[in-house]
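Novice:
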Amino acid sequence: MSRSHVVSWPSYLGVFLILAALTAATVWAAGQDFGSFNTLVALTIAVVKATLVVLYFMHLRYSPRLTILVVFTGFVWLAILILLTMSDYLSRGWSIVTR
Amino acid sequence: MSEAQAGALAHHFADLEQQREASALGMWVFLVTELLFFGGLFGIYCVYRHSYYEAFSAGSHHLSWRLGFINTLVLIGSSFTMAMAVYSAATGRRARIVLFLVLTILLGSTFLGVKVVEYAEKIGPCLGDGPHTGCLLPGPRFDGEVLHLEGERAREAQIYFSLYFGMTGLHATHMIIGIPILAIIARMAYRGRFRPEWHTPVELVGLYWHFVDIVWIFLFPLLYLIGHH
Chain A
1 MSRSHVVSWP
11 SYLGVFLILA
21 ALTAATVWAA
31 GQDFGSFNTL
41 VALTIAVVKA
51 TLVVLYFMHL
61 RYSPRLTILV
71 VFTGFVWLAI
81 LILLTMSDYL
91 SRGWSIVTR
Chain B
1 MSEAQAGALA
11 HHFADLEQQR
21 EASALGMWVF
31 LVTELLFFGG
41 LFGIYCVYRH
51 SYYEAFSAGS
61 HHLSWRLGFI
71 NTLVLIGSSF
81 TMAMAVYSAA
91 TGRRARIVLF
101 LVLTILLGST
111 FLGVKVVEYA
121 EKIGPCLGDG
131 PHTGCLLPGP
141 RFDGEVLHLE
151 GERAREAQIY
161 FSLYFGMTGL
171 HATHMIIGIP
181 ILAIIARMAY
191 RGRFRPEWHT
201 PVELVGLYWH
211 FVDIVWIFLF
221 PLLYLIGHH
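Spelled out as structure tokens, the structure:
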């Protein structure tokens, strides 16, 4: 049988319930004051949810290595786009010269 | 090789497994280009949110997080029914493929319906010759006062709403494209075109639908939940 058949339907239901719980968690976390960490918490929850969807709903965990490499590479380029852009914007106004 | 396999196998592939993996890889390459397509908008979002945090927070507070929350659950639910449709195809349950695809279409349509309600609240007041109170469509009629913002901050909030309409609009466009494709696949399933050995179209539309779900997983906290504490 094909590798995509490994996941059984109760696992799908489990992933769905975890995703729903994490959605509630992200709303709860947004109401808490974590100082400057609120955005980090929200993004971490979103990354966990997206990872669950990619690995189980999209079967990436059971896909050939070539497919995994292609997907991983895509996320690397996205990281370059956002991290390098923000490293510029976030560091503007910094200076090693102290008065 | 069984007769069913021989019918579905294109002559340039060694076997059905290789053919299926090649199709899935092609779909993933497309989805990676989509990732960077949306990624550009997320990049713009990061830069402006960093620069205009106060205006973004005020704009975000004006959205209904409840509608966004309900829509997130609806979309995650549609991803679940989509996964179940692929599972049904893999296990050869024809009626269930159709059932789960129809459920996916219904949940997707529910999501779009809620989106219409949300858009109407913001665009409705911009129409006609009235006072345009509550108009949140970026442009000359944009009403910053409803967000308790004035001058420069109100102009910055227009960037937030430009991104709101741009990102959710592009996301909704993907769903509007996806729903008719789901309907076509459901019709193929109804006609018995899929077998456990070959149901690649169901798998590929599934990948597309889950990708659209992932985009929303990021849009919800980033647009609806800025500075809620």
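Protein chains in written order, with the numbering used here: chain A, 1 to 99; chain B, 1 to 229.
Idealized CB from N, CA, C, for every residue including glycine.
(1) Using a Cβ-Cβ cutoff of 8 Å, what residues of the region 83-108 of chain B are near chain C? List them in chain order.
(2) Closest by CA to Arg141/B, which one among Leu147/B, Ser57/B, Leu225/B and His132/B?
(3) Could you confirm whether any beta carbon from chain A is found closer than 8 Å to the beta carbon of Asp129/B?
(4) In angstroms with no decimal places, state the Cα-to-Cα distance between Ile179/B and Val97/A.
(5) Can you find a CB in chain A that lies within less than 8 Å of the CB of Ile214/B?
(6) Just to make sure I have the definition right: I need the residues of chain A whose C-beta is within less than 8 Å of the C-beta of Thr72/B. Which are they?
(7) Would you say Phe16/A lies against chain B (beta-carbon separation less than 8 Å)?
(8) Arg191/B by DSSP, collapsed to three states: which one?
(9) From Ala8/B to Ala90/B, what distance separates their C-alpha atoms?
(10) Counting pairs of beta carbons, one from the region 36-56 of chain A and one from the region 10-17 of chain A, are three or more of them closer than 8 Å?
(11) Taking C-beta pairs closer than 7 Å, name the residues in chain B that Val71/A reaches, listed in chain order.
(12) Taking the CB atoms as reference points, tell me whether Phe111/B and Met175/B lie closer together than 8 Å.
(13) Please state whether DSSP places Trp198/B in a helix, a strand or coil.
(14) If I measure Cβ to Cβ from Ile185/B and keep anything under 7 Å in the same chain, skipping five residues before and after, which residues do I get?
(15) Spell out whether any CB of chain B is found under 8 Å from the CB atom of Leu101/A.
(16) From Leu75/B to Leu106/B, what distance separates their C-alpha atoms?
Specialist: Put simply:
(1) In summary, chain C is missing from the structure at hand, where the protein chains are A and B.
(2) Ranking Leu147/B, Ser57/B, Leu225/B and His132/B by Cα distance to Arg141/B puts His132/B first.
(3) Cβ-Cβ to chain A under 8 Å: no for Asp129/B.
(4) Taking the straight line joining both Cα atoms gives about 57 Å.
(5) So yes, Ile214/B belongs to the interface.
(6) Here the neighbours are Thr23.
(7) Interface residue, yes.
(8) The answer is coil: DSSP assigns Arg191/B none of H, G, I, E or B.
(9) Distance between the alpha carbons of Ala8/B and Ala90/B: 15 Å.
(10) Taking 8 Å as the limit for Cβ pairs, the verdict is that the region 10-17 of chain A does touch the region 36-56 of chain A.
(11) The answer, in chain order, is Trp28 and Val32.
(12) Between Phe111/B and Met175/B, the C-beta spacing is below 8 Å.
(13) Residue state, collapsed to three classes: strand.
(14) If we look at Ile185/B and ignore the five residues flanking it on each side, its Cβ neighbours are Leu101, Pro201, Val202 and Val205.
(15) This structure leaves residue 101/A out entirely; chain A is present only between 1 and 99.
(16) Taking the Cα positions, Leu75/B is about 10 Å away from Leu106/B.
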